[in-house]
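Counting the sequence shown from 1 gives a position; the numbering used here is that position plus 497.
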Amino acid sequence: MRPRFACLKRSVFRVDERLVTSQADLEDLLAELPAVPYIADQGSQMRWRHIGPRIEGLLGVPAEELVADPELWAAHAHPDDRHRVQWRHHMTLFCDSEPPAVEYRMISRDGRLVWLADRAVLGEASDGSKVWKGVLHDITDRKAVEHDLERTAARQGAIAQLAEGALVGSGADALLQAAVSLAAKIDGVEQSFVWERQEGGGPLMLRAGLRVEGGISDWRLLSAGPGTHVASVGAGEPLVVADWDRETRLVMPDALKGLGIRSSLAVAIEGDGDSHFGVLDVHSTSPGRFDAEDTHFLSTAAGILAGAQRRHGADEELRQQVLHDPLTGLPNRGLFEESVAAALASGFASGTSVAVLFLDIDRFKLINDSLGHHAGDDLLSAIAPRLRRQLRPGDSVARFGGDEFGVLAHEVGGDEDAVRIAERIAASFEAPFVLEGVEHFITVSVGLASAAPGPVADDDAVSLIRNADAAMYRAKDQGRARIEVFDHAMKTRAIERLAVERELRLAIDREELILHYQPIIALPGGSITGVEALVRWRHPQRGLLQPGEFIPVAEESGLIEPIGRWVQEQACLQVLAWQQLRPDARPLDVSVNLSARQVARPDVAQTVADVLVRTGLDPGHLCLEITETVLMEDSGVAETAIGALHALGVRIALDDFGTGYSSLAYLHRFPFDSLKIDRSFIEGLGTEPEAEAIVAAIVGMARALSLDVVGEGVETTEQLAELNGLGCDFAQGYLFARPLPPEEITGLLAAADEAAAYVPERPAIVPVMAPPSSNTV
Ligand code: C2E
Ligand code: CA
Ligand code: CA
């Protein structure tokens, strides 16, 4: 028996041994699997019947412990994911189908984050009860990759957004604030700030930052003193504080204390040259939060800020240059307009008036011409600080160009107050200016315009300055060195002027402008050698307007340029037509007036050249009439322009000669061909001996300079006889003909040609009085 029993026992034992071996194999096998199989009871808690031993490797918790304690699983779940851990419970309540895998985070015993994918099906246990049969997969690595991808995408998005803001030129503050907001959107960042370095050292000032909840009211006043971590950031070296609890070298700025910050990353925002603008930093309440990629991200953001900051600086510099007069350093007209607009707006708010003074130096031209441009510049440079000294805080002075200055006085009580300010400013010119060692006494004409508080429209600043300008012109007219206040009558005139300007703009296109021509007669023979083109405006309501009624407006508004071009072209075409009509006669000349503004344009010669090419007129038959005022504006510009015109082969006449002052001084400097003696001298011929003496002197001088002389405004036969006697070359005036429409000139030319053919010894058209009606059309 015994051997048999022993044998049986041995075989049972062997069977047993086999069983034990296969159990161990299975467990080995399971332990090798990259997954943790489990069987768990149905229910909201995790009652494990079995869970693979590998779970210990993942969570640091032995399988037996989990089986023994049903609450342990939930305790190790990430607080935010606990509800997901209990998914099975909800699944069995709400759905029968195979539930999808659920992913959630667990915290291992040593504090690591472990991502698990949990997939299970509801089945039956051997005892017939319902159980979950499932597998847990460790997906921590996959999640880390996904997370990195998401972070990278988010960072790239943030960088793109920031770069866009920098490109569209957002304001500096807005851009810095955008940078901190974007940085704070990056996963794990709770706070972000920009600190600005102060010039000449001192603590870094907080320029932008996420608002600290429930606390600091004005975070912009916060600073980070020396020794703080941001103060230690050097250019190009990011600074990482992995854990503030263990940080010994660096100090956290007071401003950041109390925010629960554990780790920080800071990078420099480069500035101009070696200096850097400041620091951009981000902070997390978790330790060790920032890695190389975060550093890269933050450095890129700081790079964008640095670029924008530099450009902003350059923009500011450019703005300064564009808005200031280089000679005096004063604001220019553009900036002055801005200041006036701002003063009007704040005057409306505070209920005070705003006054603008328009200053023009009297006889500045004289200084420039007699002492040279440098002396003129010195004078302007010396005027600027004198004006500045008269200003009250908040007032401003600007140079408009040339010898014109503007003063803005804000918070003015009323007109009297404004006049007092103007008087004080005018008085500041009483002391002499020393130019090249010599004292010069300078006076100034001042126009004053003020605006009472009221709603402000867009162009109010411009009109206020324009009104002051108009008042200044009045001061000049009234004899200079005085103050004129813009008043109601001037206002009406200004408004009328604006209306004229508006209509004149349209007049060219509507073909409302026409040319009349006045014959120029050769003396003593009396033949018509040329005509002067004189513009008229056939106004739809006001009838035929003489140039005096619209040329000044055209000059002021710049409309004289298109009008002038039209006149030149029209006159050339017309005189060509007359030349072709009379192939046997001496080709007729045409004179065209050029205003100061036209001559001042750098392209004046080009414009005339274009007209000659387009029309095909021989330049020798075109005469350009220029008045002395042109020469007085700025002789440098006029000299160049007149030289260029002369080079075209056109003739140049000095018009209205004798009305300007020191005119003789200009004559030899310019290549004039002829000189037109002003009507005011011709008027006195035959009655006033001085007039005769002056005209005789002018004719004599013109001879010396080999210039032709034209007597203008000849109305009587006495005047004609005097001019003939003095040896004047040409005459023009009502005695011969008024300015006439072209068809009447055609008739006149035909009559003159006929008369000359039959009675060659007689002056052709002397004296032919044009019918009075022709000038009053
Ligand atoms: P201006 O160049 O001195 O032209 C001569 C002016 O004297 C003309 O006046 C003419 O009608 C007038 N006149 C001619 N003979 C007599 C006379 O015997 N007695 C009197 N009392 N006056 C006479 P108008 O046509 O009214 O032109 C006035 C000014 O307007 C011109 O003076 C000229 O400076 C300017 N102007 C006329 N047309 C143009 C133009 O196309 N362009 C420019 N820039 N200015 C022009
Ligand atoms: Ca003229
Ligand atoms: Ca004239």
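For every residue, glycine included, the Cβ atom is placed at its ideal position computed from N, Cα and C.
Given residue i as reference, the closest of the options once Cα atoms are compared
i, options, result
"Gln1043", "Ala958, Glu621, Pro1037, Val1032", "Val1032"
"Asp874", "Gly898, Phe855, Asp740", "Gly898"
"Asp645", "Asp791, Gly699, Thr1026, Pro750", "Asp791"
"Phe1047", "Glu1000, Gly810, Ala598", "Glu1000"
"Ile536", "Val837, Gly1117, Trp629", "Trp629"
"Gly733", "Asp1100, Ala799, Leu1204, Gln688", "Ala799"
"Gln1071", "Val1089, Ala650, Ala560", "Val1089"
"Asp742", "Gly757, Ser729, Arg648, Val730", "Gly757"
"Pro567", "His580, Ala1150, Glu553, Arg544", "Arg544"
"Thr1156", "Arg602, His573, Phe1167, Lys1173", "Lys1173"
"Ala765", "His793, Gly976, Arg746, Ala739", "His793"
"Val611", "Leu619, Val618, Ala617, Tyr601", "Tyr601"
"Phe861", "Thr849, Asp522, Leu877", "Leu877"
"Val993", "Ala1247, Pro1084, Pro1049", "First, the amino acid is wrong: residue 993 is Glu here, not Val. Taking only the C-alpha atoms, the option nearest Glu993 is Pro1049."
"Glu913", "Ser925, Ser867, Val851, Asp955", "Val851"
"Asp1346", "Gly1210, Ala663, Glu1008, Arg1083", "No answer is possible for residue 1346: it lies beyond the span of the chain, which begins at 498 and ends at 1274."
"Pro784", "Leu795, Glu901, Gly1040, Ala739", "Ala739"
Between the CA atoms of residue j and residue i - distance to the nearest angstrom
i, j, result
"Asp974", "Ala967", "11 Å"
"Gly944", "Glu1125", "25 Å"
"Ile1011", "Val1105", "19 Å"
"Val599", "Val582", "8 Å"
"Glu1240", "Ile1005", "21 Å"
"Gln806", "Ala669", "7 Å"
"Ile1179", "Pro1016", "17 Å"
"Ala839", "Val904", "14 Å"
"His773", "Ala651", "27 Å"
"Ala1051", "Thr1112", "24 Å"
"Gln1216", "Ala1150", "22 Å"
"Ala657", "Ala803", "15 Å"
"Val1256", "Leu1142", "Note that Val1256 scores 48 on pLDDT, short of 50, meaning its location in the model is unreliable and no value can be drawn from it."
"Gln887", "Gly1133", "33 Å"
Assigned secondary structure, residue i (DSSP; H/G/I helix, E/B strand, else coil)
i, result
"Thr849", "coil"
"Met749", "coil"
"Glu1241", "helix"
"Lys754", "coil"
"Phe861", "helix"
"Ser781", "strand"
"Pro1044", "helix"
"Thr989", "helix"
"Asp635", "strand"
"Glu1258", "Residue confidence for Glu1258 is low, a pLDDT of 47 falling below 50, so the modelled location carries little weight and cannot support an answer."
"Gln887", "coil"
"Val709", "Note that Val709 scores 49 on pLDDT, short of 50, meaning its location in the model is unreliable and no value can be drawn from it."
"His1143", "helix"
"Ala461", "Since the first residue shown for the chain is 498 and the last is 1274, residue 461 is missing from the structure and cannot be characterised."
"Glu744", "coil"
"Gly1222", "helix"
Bridge-paired residues (DSSP) for residue i
i, result
"Met543", "DSSP, once it has assigned bridges, lists no residue as partnering Met543."
"Lys630", "Ile536, Val618"
"Ile1174", "Phe1154, Gly1208"
"Asn1090", "Glu1122"
"Gly903", "Phe855, Ala895"
"Arg602", "Trp612"
"Ala872", "Ala872 pairs with nothing; no bridge assigned."
"Ile766", "Gly775"
Bounding residues of the beta strand (DSSP E) (the contiguous stretch that carries residue i)
i, result
"Asp1153", "1148 to 1154"
"Ala789", "Careful: Ala789 lies outside any beta strand (DSSP E), inside the alpha helix (DSSP H) at 789 to 820."
"Gly1208", "1205 to 1208"
"His1013", "1010 to 1019"
"Ala895", "893 to 898"
"Thr1026", "1025 to 1036"
"Ser678", "No beta strand (DSSP E) contains Ser678, which is instead part of the alpha helix (DSSP H) from 669 to 682."
"Glu936", "935 to 937"
"Val558", "Taken as a continuous stretch (DSSP letters only), Val558 belongs to no beta strand (DSSP E), as it is neither H nor E."
"Ile922", "Run containing Ile922: none in the beta strand (DSSP E); it sits in the alpha helix (DSSP H), 912 to 924."
"Val931", "930 to 932"
"Ile980", "980 to 982"
"Leu736", "736 to 738"
Continuous alpha helix (DSSP H) stretch holding residue i: start and end
i, result
"His1275", "Because the chain in this structure spans residues 498 to 1274, residue 1275 falls outside the shown range and cannot be described."
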